[in-house]
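Residue numbers (the UniProt record's numbering): 1 to 434.
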Amino acid sequence: MAASWQQMAKDMKGVLNVGEVNCETERRLCKDARVESFPTIYFFRGGERVEYNGLRGLGDLISYARKAVDVVGNGVQYVDAAAFKKMEETEEVIFLYFFDKATTSEDFAALDRLTLSLVGRAKLVKTDSDALAQRFKISTWPRLLVSRDGKASYYSALAPKDMRDFRQVLSWMESVWLPIVPELTAANAREILVGKYVVLGILSRLRSDEFIQDKKELKNAALEWMDKQTKLFQLERQELRDAKELRIEEAEDRNDQRALRAAKNRQITIRESDKKQVVFAWVDGVFWDRWIRTTYGIDVKNGERVIIIDEDNRRYWDTSPSGAYIMPSRTSILETISQVISPSSRLKAKSTVGIFESMYFRTRSFFHKHPVLSIALFFVALIFAYLFMKGRHRRNRGPAGLLGAVTGSSGAGFFHLDGKEGLLGGGNGSGKVD
């Protein structure tokens, strides 16, 4: 990487300050910077920094450096409806911040802090355009949304303090800053796979017509799934609100002030992210041929396929409820996802690890989903083990001591170390001894 780093520094000379630190000689500095692995790359702006976790080739480093300089130099750019439409033609993910005359300098300062974390990820722009507000149905300001392939997702918190909460806003951005159907690469694999169900299309660029059509089918399936889940979430949240309103009305009818206060204080905290999310991605089956064949037993030469991965539990599904392979088709994908996430699903998963590892991951998953029940079962198991060992201990004591009766040649407590039946299995004592 040293050669690429030095060449990048030459190319960015006069535009970006590029340096390096030898942590063997500057241990205190590296400790203060919390450097734990090598090489570690940071981009600094004033007292803020962000770690670069992308690929380390020369082209990758230069591309990131130029994007970082662009963000630092221009900040959050203003766009109108025409500029935003033009930007949508080249950018898959755009964060759009709506403001009005009442938006304060504190709001804009909080917005500027976000730009550093978005370098190389997505565009962040701001607007007060009435046309864009009408297009995205904005009625309160300030408001933040992300547009991915023209589909909007909104930052749900509306209070001023929530809009200025850097960590909270960034956490939401991290959950939506990938395209609707991103390409799985070494740089983003962990971000895509961990903590989610992943619908992964295994495609081949060598078959260009099928490649374009299959990507389109994956995107359409993703959009349909997102619409369906949004409607289900809104319905579930409305049911909780109706239940709260019903409790309030009942308390008022009974004139029960205590129940009324409890009902009014009941908060509806349900969020879409509370459940394990389903995301979509595709991978180049030719470039990643070896990994796909050894892990999932699929050869893209035999045709494009789709699998659903649960990386947390090291398992995956490659067949639909009908028993056929999952194909890059909306119907095949959507009916299989519904079965995979259903608690009563009979669709059998395949494991990417051995039996014992699989048992470990299933146990861990059960503990995360049901922590209270898991702890209760653990203590019940301890009690049963204690009672079992206690009963066995009493039986072993017998009527005449810990080892039972030792008199006679056939007593119940008689034991010996050698011989055919002995603990050491030494035979009758007359055989050859090596």
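Backbone N, C-alpha and C fix where the C-beta goes; we use that ideal spot for every residue, glycine too.
None of the values given here were measured: they were computed from a predicted structure.
For this session: Below 8 Å CB to CB, which residues in the same chain sit around L16 once its five sequence neighbours on both sides are set aside?
Result: Position 16 of the sequence shown, counted from the start, is the residue given in the question as residue 16. The answer, listed in chain order, is A65, A68, V69.
Exercise. Leaving out the 5 sequence neighbours to the left and right, which residues in its chain are closer than 7 Å to D11 when beta-carbon positions are compared?
Worked result: Translated into the one-based positions of the sequence shown, residue 11 becomes position 11. I62.
Problem set entry | Beta-bridge pairing of T319 - partner residues as DSSP gives them | Residue numbering aside, residue 319 sits at position 319 when the sequence shown is read from its first letter. Answer is Y325.
For this session: Can you say whether T90 is buried or exposed, counting buried as having 16 or more other CB atoms within 10 angstroms of its CB?
Result: For the purposes of this step, residue 90 is taken as residue 90 along the sequence shown, with counting starting at 1. That one is exposed.
Exercise. Is the stretch 244-251 touching the stretch 305-321, taking contact as three or more C-beta pairs under 8 Å?
Worked result: no
Problem set entry | Where M163 falls, given that 16 or more other Cβ within 10 Å makes a residue buried | By one-based count along the sequence shown, residue 163 stands at place 163. When all chains shown are included, M163 counts as buried.
Exercise. Excluding sequence positions up to five away, which residues of its chain have a Cβ less than 8 Å from the Cβ of G46?
Worked result: For the purposes of this step, residue 46 is taken as the residue at position 46 of the sequence shown. Excluding residues within five positions, none has a Cβ falling inside 8 Å.
For this session: Would you kindly report the start and end of the unbroken alpha helix (DSSP H) that includes Y64?
Result: Here the question's residue 64 lines up with position 64 in the sequence shown. Unbroken alpha helix (DSSP H) run through Y64: 58-74.
Exercise. Beta carbon of A281, beta carbon of I192: below 8 Å?
Worked result: Residue mapping note: residue 281 aligns to position 281 of the sequence shown, counting from 1. Residue mapping note: residue 192 aligns to position 192 of the sequence shown, counting from 1. Against a cut-off of 8 Å, the Cβ pair of I192 and A281 comes out as a contact.
For this session: Could you tell me which uninterrupted alpha helix (DSSP H) segments, each at least 4 residues in length, are contained entirely in the stretch 189-243, listed from first to last along the chain?
Result: 189-193
Problem set entry | I41: first and last residue of the uninterrupted alpha helix (DSSP H) it sits in | Along the sequence shown, one-based indexing puts residue 41 at 41. Premise fails: I41 lies in the beta strand (DSSP E), 41-45, not in any alpha helix (DSSP H).
Exercise. Considering only the beta carbon of each residue, do V283 and E217 sit closer than 8 Å?
Worked result: On the sequence shown, residue 283 is found 283 positions in, with the first residue counted as 1. On the sequence shown, residue 217 is found 217 positions in, with the first residue counted as 1. No, the pair does not count as a contact, with Cβ atoms beyond the cut-off.
For this session: Could you check if L124 is buried or exposed, using at least 16 other CB atoms within 10 Å of its CB as the buried criterion?
Result: Within the sequence shown, residue 124 is the residue found at index 124, counting from 1. The residue in question, L124, is buried, as its Cβ has 16 or more Cβ neighbours within 10 Å.
For this session: My understanding is that F95 touches T127, with C-beta atoms under 8 Å, so please give their C-beta distance in whole angstroms.
Result: As a first step, residue 95 is located in the sequence shown; it is residue number 95 there, counting from the start. As a first step, residue 127 is located in the sequence shown; it is residue number 127 there, counting from the start. Actually they do not touch by this definition, with Cβ atoms about 11 Å apart.
Exercise. Which partner residues of E48 appear in the DSSP bridge assignment?
Worked result: Within the sequence shown, numbered from 1, the residue matching residue 48 stands at position 48. Answer is R45.
Exercise. Where does T104 fall in DSSP's three states?
Worked result: Walking along the sequence shown from the start, residue 104 turns up at place 104. In the structure shown, T104 sits in coil (DSSP, three-state: anything other than H, G, I, E or B).
Exercise. Out of curiosity, what's the CA-to-CA distance linking V338 and T352?
Worked result: Reading the sequence shown from its first residue, position 338 is the one you call residue 338. Reading the sequence shown from its first residue, position 352 is the one you call residue 352. According to the sequence shown, residue 338 is Ser rather than Val. Computed Cα separation, rounded: 22 Å.
Problem set entry | Cβ-Cβ distance between I307 and L200 below 8 Å | Counting from one through the sequence shown, the residue named residue 307 turns up at place 307. Counting from one through the sequence shown, the residue named residue 200 turns up at place 200. Contact flag set, yes.
Exercise. Who are the Cβ neighbours of V286 in its own chain at under 8 Å, not counting the five residues just before and after it?
Worked result: For the purposes of this step, residue 286 is taken as the residue at position 286 of the sequence shown. Once the five neighbours on either side are set aside, the close Cβ partners of V286 are S204, R205, L206, V300.
For this session: Compute the Euclidean distance between the alpha carbons of G59 and W5, then round it to the nearest angstrom.
Result: Here residue 59 refers to the residue found at position 59 of the sequence shown. Here residue 5 refers to the residue found at position 5 of the sequence shown. Cα to Cα, G59 sits roughly 10 Å from W5.
Exercise. Closer than 8 Å, CB to CB, is D312 near chain C or not?
Worked result: Reference to chain C is not applicable here, since this structure consists of a single protein chain.
For this session: Have a look at K196 and A110 and give me their C-alpha separation to the nearest angstrom.
Result: On the sequence shown, position 196 is the one that residue 196 refers to. On the sequence shown, position 110 is the one that residue 110 refers to. Each residue's Cα considered, the two are about 30 Å apart.
For this session: Note down the Cα distance separating G57 from D310, rounded to an integer number of angstroms.
Result: In the sequence shown, the residue the question calls residue 57 occupies position 57. In the sequence shown, the residue the question calls residue 310 occupies position 310. C-alpha separation (whole angstroms): 30 Å.
For this session: With DSSP as the reference, label T90 as helix, strand or coil.
Result: Your numbering for residue 90 matches position 90 in the sequence shown. Coil, per DSSP.
Problem set entry | Residue burial classification, K219 (beta-carbon count within 10 angstroms, cutoff 16) | As a first step, residue 219 must be located in the sequence shown, where it is residue number 219. Buried.
For this session: Could you check how far apart the C-beta atoms of C30 and V21 are, in whole angstroms? I think they sit under 8 Å.
Result: As a working note, residue 30 is residue 30 in the sequence shown. As a working note, residue 21 is residue 21 in the sequence shown. Yes, C30 and V21 are in contact; Cβ-Cβ is about 7 Å, under 8 Å.
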